[in-house]
Every structure is written in structure tokens, then in C-alpha cells.
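The opening position of the sequence shown corresponds to residue 1 in the numbering used here, with each subsequent residue numbered one higher.
For every residue, glycine included, the Cβ atom is placed at its ideal position computed from N, Cα and C.
Since we're looking at a predicted model, the values are computed, not measured.
Structure record follows, encoded as C-alpha cells.
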Amino acid sequence: MRTDCEWRGRDALPPGSLLELICDSFSRGTNIPLEIPLVLALHLISGVLLQRGVRVRYAGGELSPRLWTIVLADSSAGKTFTYQKLLTALGVQSPEIPGMAGAVSAAAFFATLHACPQGLLVRDEFGQLVGRIEHDISLSDYKDLYLRLYDGNDIPWTTKKEGALRVQSPEVSVLGLTQYSTWHQKVSAESMLDGFAARFSVIIARPDPARSWRDYPTWVVDTNKWAEAWGRCERVLRSRYGTTAKAEEYFARTFRALAKDTELPEPFFRRIMYSAHRLACIYHVLLEDEAEELSPADYAWALRIIRHHITDSVEVMGNQNVSEIERLIQGAEALRERCHAKGETFNERRLYQNFRALTPQTAAVILRLLHEKKHDEYTH
């Protein structure tokens, strides 16, 4: 068996860091896809930082190290085992918001958030929830809570018993876990392009053919050095960080380079890239850096994760939802022909009015794809 030096995520593990210790341990003792401990560790640390009030000031304003990610993996990929192992070995109090993952109504969800407005939400079978939120009108309040939570704005709520309530400045990292094989059946192309699912970065955790499950009758993870490494991270932790001019320049330069060749729609791409500021803060802590300002090195590590998010998002949107996207384009083509035949205007507004599931932003994306398809037909 090989080591994880050939694993694609190796480039996102700072040598000697807690993150490298964690992934190396899972590589040696389990067949669990290493994207799972990588992403779970980042979100666990994110949740801890949120509960400690960590903030980052950068050129665009101020934000928290909050992450929203969906991990697509097999149903038996070891997600629960990994999370419990991380919690126990690091010796941290779980930053999960009590009861939030099991909340079955908007009222219950708000109640958990009102009691604890900062922390972490880890939810399994997340694809099923996303699909229900997008299509079940009775869950519109539930969806609205998630969207407000993503924006980080105050969330008002009214109950018969307590009257008007408000959660001020909520900050919650969300990690959704779901099966890749059923994702496209539950989540629409509209949602991925500019709906609820577009708020999340995506990472695909595939089984490693070089670490067959047959070779691991028992998962054994060496955690001896984890707590010590986390202790070093905690000792340098600050509540407020800034960014250097060079770090901002590095981010801007990388943004332009990645945007030049991206296949993702602008809103989706920007949301993924925006999380680089948050990830840079987490890497700053993982690098045990005492400085008050995030450096180009912090952003360099963060943007390696971002590249994987971009790659996996392109795959998910291109492969899993290709039939739905094509359906939308075909419908738009038919509408365009009807408009031209009647001498009527065909534009984003007309497209939005005729496809009730679309948002205006998604209509713009479909219109662009339609234009590109027409251009290709003329040039081939």
C-alpha cells in the first residue's frame, strides 16, 4: 500500500501541522477517503473559532472564519467515526449547536440558534434536506432561516408565547454530508447554479483504490500527537486578525488567474473564492502563527483547498446535473423561437417570467449558456 503522498489533498497539508498529523493517521490506519478527515477537521476548528468570537478584517470588510461545505461520499465512508475521533483526540468541547442538526421545523431550528448563535452544524443526508427545502413550499421559513444565516444578518422571529425575538449576528459553520450517488436525484440544476445549494462549497470524497477496505478489518487511528499540536494552535490564537497588503495582492492575483479559465457561473465562483479569507484564518492558526495579520502563506494554503472546491463543483454541475441544465436550455431555446416568431423581446426578464423555478440570477446564467451554445453552432 502507498502512503497518502499521492493523494490530491496532500498539497493542502502544511508539513508538521495538526492537519498533516490527522490525515497521515487516517491514511495509515483506515481506508476512509482523506477528504473526510481534512474537511471535518477544518470545520471543527472553524466552529471552535466562531464560539471564541474570532474575526478577520480584510480589504472588503470584516468576516468570521465560518465555512459552508457539502461532502459527497459513499454512505459507509466513515464520517461519524472520523468526527468522534477528532473530538475525543483533540480534547475540545464540541462546538456543535445542541439540537440544531435534528431540528425538523423552522421554529425548532430558530430555537436552537437563539440559544446558541455561534458554532457548528454537522448534518448527514444533507442532499435530502436541500431537495426538500428547494421544492416544499411548507419549508419556505426553514429555507429563509438558512439564507439569513448564510448572510450573517440578524434573524427576527415571532412566537405566540414569547413574542418578538431576534438572533443578533449569528455565525454558524455548516457541514453537510450526503451520498454522491444520489445527489443529482435530490438537488436540481437551478439549486446548484444559483439556489440554496449554491451557498456551499463542494468536495468529493471518493474511495482510495490503493487502500482497499479489505485490508482494514479494524480502523486504528494513532492520535497521540494531536492534542499537543492543537494546544500549540490554541496558545497563539487571537480574537482579531487583519491582513497584509501582500496577502490581499496574492488573493487578487490568484482570483484573476482562476477566474480566467473557470467554467463556473460568476456568483458561484465568487462565493467559493470568498471563503478563502475564512480558510486563511484557519490556516494561520494551524501554522501556529502568532502574528496579528494573515500572510500570503496563509492564503496560499487556503487557495489550495479552494482549487479542489472549484474542480469538484465543476464536476458536480457538469456531470450530475447535465440533463437538467440541458432541459432548461432547451426550454429557453423554445421560448426564444416563440418570441422571435411573435416579434416579442426575448431577455432575462422574459425567461424568468416563464420558468417559475428560476431566480433572475439563474435566468441570466441560462441566457449566457444559450448564447454560448448558439455561438458554438456557428463556429463548428
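Short CB-CB distance (under 8 Å) between residue i and chain D
i, result
"E6", "The structure shown contains no chain D, having only a single protein chain."
Separation of residue j from residue i, as counted between CA atoms
i, j, result
"F196", "L21", "34 Å"
"G61", "E248", "12 Å"
"L121", "G343", "52 Å"
"L44", "I32", "18 Å"
"I310", "L258", "9 Å"
"Y383", "L175", "Residue 383 is absent from the model: the chain starts at 1 and stops at 380."
"D312", "G242", "30 Å"
"V56", "Q118", "16 Å"
"D141", "E134", "11 Å"
"L38", "P265", "26 Å"
"A198", "Y216", "36 Å"
"E35", "R206", "8 Å"
"A341", "S191", "31 Å"
"G318", "G163", "46 Å"
"P156", "V92", "31 Å"
"W384", "L13", "Given that the chain is displayed from residue 1 to residue 380, the structure contains no residue 384 and the question cannot be resolved."
"W226", "D24", "11 Å"
"E333", "A364", "14 Å"
"G9", "V202", "14 Å"
"I97", "D154", "17 Å"
"D11", "R307", "11 Å"
"V314", "A189", "12 Å"
"L328", "A111", "38 Å"
"L113", "P170", "8 Å"
"D136", "G231", "45 Å"
"L19", "D261", "30 Å"
"R256", "K160", "51 Å"
"H375", "H184", "A caution first: H375 carries a pLDDT of 45, below 50, which makes its placement in the model unreliable, though a value can still be read off. Cα to Cα, H375 sits roughly 28 Å from H184."
"G16", "R28", "16 Å"
"N321", "F346", "Because N321 carries a pLDDT of 46, less than 50, the predicted location of this residue cannot be relied on, and no value is offered for it."
"T218", "N354", "55 Å"
"A300", "Y250", "8 Å"
"L90", "T223", "8 Å"
"I204", "L72", "5 Å"
"M100", "A115", "10 Å"
"Y58", "T158", "35 Å"
"Y283", "L63", "15 Å"
"A252", "V220", "42 Å"
"R338", "Q330", "13 Å"
"L335", "R349", "12 Å"
"G152", "R123", "19 Å"
"I305", "R211", "23 Å"
"S94", "L49", "12 Å"
"E263", "L165", "42 Å"
Enclosing beta strand (DSSP E) for residue i [first to last residue]
i, result
"Q118", "Q118 to D124"
"A205", "S201 to A205"
"E62", "G61 to L63"
"G242", "R240 to T243"
"A73", "W68 to A73"
Cβ-Cβ separation, residue j to residue i (assumed contact under 8 Å), whole Å
i, j, result
"M302", "A280", "As written in the sequence, residue 302 is Ala, which differs from the Met given in the question. Confirmed, Cβ separation roughly 4 Å."
"D74", "Q179", "7 Å"
"L351", "L367", "6 Å"
"K85", "V130", "So it is not a contact: roughly 27 Å between Cβ atoms."
"G53", "S239", "5 Å"
"G127", "T88", "So it is not a contact: roughly 28 Å between Cβ atoms."
"L145", "F109", "6 Å"
"L139", "R148", "With a Cβ gap of about 14 Å, L139 and R148 do not count as contacting."
Where the alpha helix (DSSP H) containing residue i begins and where it ends
i, result
"R382", "The structure shown does not extend to residue 382, since the chain spans only 1 to 380, so no value can be given for it."
"Y83", "K79 to L90"
"R57", "Taken as a continuous stretch (DSSP letters only), R57 belongs to no alpha helix (DSSP H), being part of the beta strand (DSSP E) at R55 to Y58."
"Y398", "No answer is possible for residue 398: it lies beyond the span of the chain, which begins at 1 and ends at 380."
"P37", "E35 to Q51"
"F346", "Note, F346: premise wrong, no alpha helix (DSSP H); not H, not E."
"Y216", "Note, Y216: premise wrong, no alpha helix (DSSP H); not H, not E."
"G231", "W226 to R235"
"Q185", "Y180 to K186"
"R19", "Looking at the sequence itself, residue 19 is Leu, so the reference to Arg does not match. Run containing L19: L18 to G29, per the alpha helix (DSSP H) assignment."
"T112", "A106 to A115"
3-residue-minimum beta strand (DSSP E) runs that sit fully inside the segment 153-177, ordered along the chain: 155-159 and 163-167
Taking contact to mean 3 or more Cβ pairs, one atom from each stretch, closer than 8 Å, check whether the segment 268-279 and the segment 62-73 are in contact. yes
Would you call the segment 76-89 in contact with the segment 99-110, where contact means no fewer than 3 C-beta pairs closer than 8 Å? no
Quick check for students: name the residue ranges of the alpha helix (DSSP H) that lie wholly in the segment 262-331, counting only runs of 4 or more. 266-286 and 296-315
Flag this pair as touching only if the segment 36-53 and the segment 168-185 have three or more C-beta atom pairs under 8 Å; answer yes or no. yes
Segment contact, 8 Å Cβ cut-off, at least three pairs: the segment 283-290 with the segment 230-238: yes
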